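Chemist:
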Amino acid sequence: MQKKQEKLNVREKMIWLLTFSVVLLLAILILSFFLSNENLRISAVRKNLPPSPENFFGTDWLGRDMFTRTIKGLRLSLAVGAFASVISVFVATVMGICAAAFGKTVDAVISWLIDLFIGMPHLVFMVLICFIVGGGIHGVVLAVSLTHWTSLARVVRSEVLQIKNAEYIQISKSYGKSSWYIAKKHILPSIFPQIMIGFLLLFPHVILHEAALTFLGFGLSPQTPAIGIILSEAMSHISTGKWWLVVFPGLLLVVVIKSFDNIGEQLRILMEPASSNE
């Protein structure tokens with residue numbers, strides 16, 4: 044009885060953590076649409092103001108409100124992260140299903156590709172892709188998408204290998220159904236929960252690497268209010284005592300990343316209770 048109560052308490056705690064993370068992310072997104080762009084105008088009067096009730100995160104060297112810049116920058120990072128994650132998950136799903144369902148030759152080729160991408164230095168590969176395509180949003184999306192699909196592809200391949208010999212799939216084959224039909228109608232619905240969890244766990248890595256690429260100067264343009272740009276610009280002002288230019292955007296970025304990571308992890312535990320027996 045006590046063990047059962049402990050499991051209920053753990054489950055309740057996970058649901059609360061999940062709810063908190065979702066509410067926090069929704070609040071940031073909704074708030075980003077309500078904050079006025081007037082706060083981003085250059086003002087000589089409001090330059091380098093410390094945090095206050097009027098300017099929660101202070102102002103920068105051009106008089107722009109850092110709270111507004113940070114929230115809108117996070118919205119852009121979330122949008123870029125979502126787009127890149129969707130592409131990466133699509134590539135991972137296709138590769139994983141093809142590796143497991145289309146014979147040993149295809150499996151060997153895709154496994155070689157996965158090992159090749161995993162073996163390359165992650166950040167260096169992304170910088171190289173961004174440099175080749177000229178940076179910008181399309182460069183960041185392409186760089187992140189081409190480097191973040193490998194781990195999920197392995198998971199998908201493993202899941203498909205476990206279910207491809209199931210009785211209902213063998214019956215479908217006996218009726219002459221094609222491999223593409225079986226993959227679309229039987230395999231894909233079975234692995235969809237793992238794909239969704241993989242997407243949510245991939246999201247924080249995409250956001251972090253987008254910020255890193257932008258911080259290094261290979262990502263979004265300097266005119267874009269992205270978190271990487273904000274942190275990169277603020278680095279030259281830390282020595283003058285303007286700590287709030289780095290601390291608040293950095294902390295909020297970490298909170299958003301941990302929130303998405305928490306959402307994915309809690310959903311994984313809720314959907315796979317056996318994995319939580321630690």
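Numbers in my numbering are just positions in the sequence shown, counted from 1, shifted up by 43.
Think of the CB as a built atom: it goes at the ideal place given N, C-alpha and C, for glycine as much as any other residue.
All figures in this text were calculated on a predicted structure; none of them were measured in a lab.
Let me know the secondary structure DSSP gives T62 once reduced to three states.
Modeler: It is helical.
Chemist: Confirm, please, whether the CB-CB distance from A186 to M169 is below 8 angstroms.
Modeler: Taking 8 angstroms as the cut-off, the beta carbon of M169 is found closer than this to the beta carbon of A186.
Chemist: Between the Cα of M138 and those of L189, N98 and M278, spot the shortest distance and give me the residue it belongs to.
Modeler: L189
Chemist: So what does D108 bridge to, in DSSP terms?
Modeler: T102
Chemist: Just to confirm before moving on: does the CB-CB distance between K115 and W104 stay below 8 angstroms?
Modeler: no
Chemist: Cβ-heavy atom distance between V297 and the ligand ADP below 7 angstroms?
Modeler: No copy of the ligand ADP appears in this structure; indeed no ligand is present at all.
Chemist: Exposed or buried, S217, counting other C-beta atoms within 10 Å across all chains shown (16 or more means buried)?
Modeler: exposed
Chemist: Given that a residue counts as buried once 16 or more other Cβ atoms are within 10 Å of its Cβ, and exposed if not, what is P247?
Modeler: buried
Chemist: So, under 8 angstroms CB-CB, E202 and I234 are touching, yes? Tell me the CB distance rounded to an integer number of Å.
Modeler: 5 angstroms
Chemist: Excluding five sequence neighbours on each side, which residues of the same chain lie with their C-beta closer than 8 angstroms to the C-beta of I172?
Modeler: G182, L185, A186, L189 and T190
Chemist: When we look at the beta-carbon of W59 and count the other beta-carbons within 10 Å, is it buried (16 or more) or exposed?
Modeler: exposed
Chemist: Give the straight-line distance between the Cα atoms of R311 and K285, rounded to the nearest whole angstrom.
Modeler: For R311 and K285, the gap between their C-alpha atoms comes out near 41 angstroms.
Chemist: Tell me the residue span of the alpha helix (DSSP H) that contains V198.
Modeler: T193 to I206
Chemist: What does the Cβ neighbour count give for W287, buried or exposed, with the cut at 16 atoms within 10 Å?
Modeler: buried
Chemist: Using the C-alpha atoms, what's the distance from F76 back to S215?
Modeler: So the two alpha carbons sit approximately 49 angstroms from each other.
Chemist: My parser needs the alpha helix (DSSP H) runs of 4 or more residues fully inside the segment 154–180; what are they?
Modeler: Within the segment 154–180, the complete alpha helix (DSSP H) segments of 4 residues or longer fall at 165–176, listed in chain order.
Chemist: Put N91 into one of helix, strand or coil per three-state DSSP.
Modeler: coil
Chemist: What does the alpha-carbon distance come out to for the pair I71 and S302?
Modeler: 12 angstroms
Chemist: Which same chain residues end up closer than 6 angstroms to A226 when comparing Cβ atoms and leaving out the 5 residues on each side of it in sequence?
Modeler: I140 and A144
Chemist: With DSSP run on the structure shown, which of helix, strand or coil describes L259?
Modeler: In this structure, L259 counts as coil in the three-state DSSP scheme.
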